[in-house]
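Structure first, commentary second.
Numbering (the working numbering), first residue to last: 259 to 539.
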């Protein structure tokens with residue numbers, strides 16, 4: 259039984275980091291005029307109303323995307339991100355009423371020969387996602403385990419892919435399963451761009467997963483992380499990040515500027531940011 263619903267967390271600081279970097283990654287990949295496939299292992303509902311009970315119960319978006327909404331000094335990367343969220347609010351782009359999930363962010367930038375493969379296991383979110391893309395021939399929505407689906411989806415015919423692995427980490431076994439799946443997927447498709455989102459609730463647990471990836475022999479692994487408070491044994495997420503295998507050229511430079519801004523704007527006094535090559539060439 260899956261209980262996690264991303265609506266509670268839509269637009270929070272972790273989403274800002276994830277979606278801003280995801281958007282920049284796709285834009286950099288589009289500098290080559292060749293088709294690609296976007297594979298999402300845990301796609302969610304596609305989009306979220308910030309007025310519904312989920313978002314209003316936590317109000318997490320108020321400490322995330324809402325803090326960037328009217329800023330006039332954003333770096334270009336965050337201007338692109340806010341513009342995408344405004345586009346998702348196209349009926350009234352001056353008001354922040356809705357928040358796009360990862361598939362909607364990608365959909366805005368999808369090239370005419372690109373395609374998406376979206377996996378979602380939660381029955382309610384799958385129905386919403388399938389309805390959102392029901393008339394889009396470039397998008398395939400699959401109800402099923404996204405980690406198994408990823409292995410089946412690579413290598414793609416296009417030979418170019420951006421993969422987002424973004425589980426809920428409801429099960430402790432997710433940490434091990436994610437690492438092993440990425441290693442297996444990379445063996446099948448070594449040139450893919452693999453992007454793993456991770457929370458820091460228990461630092462040792464998270465680092466165990468990331469250490470498994472770092473020691474796997476896979477080259478070019480980049481960590482991008484924001485902590486909003488010190489690691490703690492108390493309940494709750496203290497940091498979130500992206501672990502990217504094969505990031506496109508210049509993403510580390512863009513991420514450094516982007517994260518410097520987020521650290522000052524969305525961070526807290528004890529928080530910090532990291533942009534670090536954990537494994538080089």
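Here a beta-carbon is modelled for each residue, glycine too, at the ideal position from N, C-alpha and C.
| Query | Result |
| --- | --- |
| Assuming residue 495 is part of the alpha helix (DSSP H), what are its boundary residues? | Looking at the DSSP string, residue 495 is not in any alpha helix (DSSP H), and its letter there is neither H nor E. |
| Could you please give me the residues that DSSP links to residue 305 through a beta bridge? | 358 |
| Give a yes or no on contact between the stretch 509-521 and the stretch 456-464, applying the rule of three or more CB pairs nearer than 8 angstroms. | no |
| In the DSSP assignment, what are the bridge partners of residue 485? | 497 and 530 |
| Please go through the same chain and pick out, in chain order, the residues whose beta-carbon is closer than 6 angstroms to the beta-carbon of residue 441, but skip the five residues on each side of it. | 474 |
| Would you mind reading off the limits of the alpha helix (DSSP H) that contains residue 343? | 334-346 |
| Here's the rule I'm using: 16 or more other beta-carbon atoms within 10 Å means buried, otherwise exposed. How should residue 431 be labelled? | exposed |
| Tell me the DSSP bridge mates of residue 421? | 297 and 452 |
| To which residues of the same chain is residue 383 closer than 6 angstroms at the C-beta, ignoring the five residues directly before and after it? | 302 and 303 |
| How about the stretch 517-536 and the stretch 479-495: do they share at least three Cβ pairs that are nearer than 8 angstroms? | yes |
| Can you grab the Cα-Cα spacing for the pair residue 355 / residue 330, in whole Å? | 20 angstroms |
| Do three or more CB pairs link the stretch 370-377 to the stretch 336-355 at distances below 8 angstroms? | no |
| Name the two residues that bound the continuous alpha helix (DSSP H) containing residue 438. | 431-446 |
| Taking residue 270 as the reference, give the member of 481, 470, 539 and 520 with the closest Cα. | 520 |
| Could you compute how far the alpha carbon of residue 335 sits from the alpha carbon of residue 341? | 10 angstroms |
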